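Engineer: Residue numbers (this note's numbering): 92 to 159.
For each residue, glycine too, the CB sits at the ideal point set by N, CA and C.
Model, not experiment: these values are computed from the prediction.
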């Protein structure tokens, strides 16, 4: 039993297999370039988002302890 490849599962079949560039999963070049250009900014944005979500989660946990 063989599993289908990632490109067969996630990306519709293309006429030309070389149209997919390895590593980008069919993402348009201009979007890929913007992601590479803003890589550091994106990293810190996700880190801030992660911290905010964890803060909210632990605030809810401590509120449960306070009101019980």
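1. Identify whether residue 118 lies in helix, strand or coil by the three-state DSSP scheme.
2. I need the straight-line Cα distance from residue 149 to residue 138, nearest angstrom please.
3. Kindly indicate the opening and closing residues of the alpha helix (DSSP H) around residue 141.
4. Alpha carbon to alpha carbon, how far is residue 147 from residue 126?
Structural biologist: Let me spell this out:
1. coil
2. 17 Å
3. 130 to 158
4. 28 Å
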